[in-house]
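Student: Residue numbers for the sequence shown follow the UniProt record's numbering, so the first one is 1 and each next one is one higher.
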Amino acid sequence: MPTHPLYTRFSAIRKRSFARHLDLFLTTIYLRSVDGRLQHIRQDEYRCFHPAAEERAAYLRSHQARSLGEPFAHGQTVQCLEIAIRQWRAENPALEAELQSIHNQHHCLSAEEFSQLVSSQTGELACEYCELTESDFRELIERGLVRTKRLSTRGSTFEFDCRDPEQGYTGNNVALCCYWCNNAKTDEYSVKEFKPVALALAAVWRQRLSTQASVHNNDQGQNV
């Protein structure tokens, strides 16, 4: 399982993290306003941003809405929220860039934390959930035991998952995992809920390896 250049992967995580965090922040400011307007946003407000549980719930509800016409807050709809956020971003590119810098310092894992996450100095890298190692997946791929059509883009390298989706890509909340576990866990399951599923997936992978090894050994014996 070769790893992509460290900077490229780290930059992608930070970019994704900021997009999600800014969306949560602007939605929360919208909720806290008296009229649903996004005005007078300050850098220190973003630096110290900690949404309440009910604000996180409202944010989730806005993304789960079946239509943009669903009511959201201040007598307005989810569509009104989306328009307000788009308008704020269009009018405040300089402030958004400043918020991104604050995000990278205060709301996302550091370069050092990321480096430790992908370092193999403590042993071979492994998926945190199913516990299969780099060499396990390398063998599966080299022996043609992987069936996904997406292998050219996903599956040949480890990925990164937020253990608790609400906490985002912060230090101590990012797990190194395989594509299959990342794809199955999504934001739906906690680590505790997903662990039995991951171990069941691992059992399937190991069964493929052992079954194919037995077939190979039998063929070798017949040729003697």
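Don't be surprised by glycine CBs; every beta carbon is placed ideally from N, CA and C.
1. Based on the DSSP secondary-structure assignment, which residues constitute the bridge partners of Cys-177?
2. Can you name the residues that DSSP bridges to Ala-73?
3. With distance defined between alpha-carbon atoms, name the residue in Glu-96, Leu-95 and Gly-69 nearest to Ile-83.
4. Alpha carbon to alpha carbon, what distance is there between Leu-26 and Ala-19?
5. Can you round the beta-carbon distance between Glu-124 and Ser-135 to whole angstroms, since I take them to be within the 8 Å contact cut?
6. Give me the Cα-Cα distance between Arg-143 and Glu-131, rounded to the nearest whole angstrom.
7. Would you verify that the beta carbon of Gln-64 is, or is not, closer than 8 Å to some beta carbon of chain D?
8. Ordered along the chain, which non-local residues of its own chain (more than five positions away) have a Cβ less than 7 Å from that of Arg-56?
9. If the criterion is Cβ atoms closer than 8 Å, does the pair Glu-98 and Gln-43 meet it?
10. Does DSSP put Thr-8 in a helix, in a strand, or in coil?
11. Classify His-21 as buried or exposed, calling it buried when 16 or more other Cβ atoms lie within 10 Å of its own Cβ.
12. Rank Thr-133, Ala-58, Arg-9 and Leu-209 by C-alpha distance to the C-alpha of Arg-32 and give the top, closest one.
13. Can at least three beta-carbon pairs, one atom from the segment 102-116 and one from the segment 140-154, be found at a separation below 8 Å?
14. Cα separation between Arg-206 and Arg-147?
15. Thr-148 by DSSP, collapsed to three states: which one?
16. Is Ala-200 helix, strand or coil by DSSP?
17. Who are the near neighbours of Thr-133 in its chain, counting only those whose CB is closer than 6 Å to its CB and skipping five residues on each side?
18. Does the distance from the C-beta atom of Leu-209 to that of Leu-145 stay below 8 Å?
19. Using DSSP with H/G/I as helix, E/B as strand and the rest coil, what is Ala-65?
20. Excluding sequence positions up to five away, which residues of its chain have a Cβ less than 7 Å from the Cβ of Leu-199?
21. Is DSSP giving Ala-90 helix, strand or coil here?
22. Let me check understanding here. Comparing Cα to Cα, which of Tyr-30, Trp-180 and Val-204 lies closest to Thr-157?
23. Can the beta-carbon of Asp-161 be found less than 8 Å from the beta-carbon of Lys-185?
Tutor: Walking through what the data contain:
1. Glu-159
2. Gln-76
3. Gly-69
4. 11 Å
5. 6 Å
6. 20 Å
7. Among the chains of the structure shown, chain D does not appear; only one protein chain is present.
8. Glu-166
9. yes
10. helix
11. buried
12. Ala-58
13. no
14. 15 Å
15. coil
16. helix
17. Glu-124 and Ala-126
18. yes
19. coil
20. Cys-130
21. helix
22. Trp-180
23. yes
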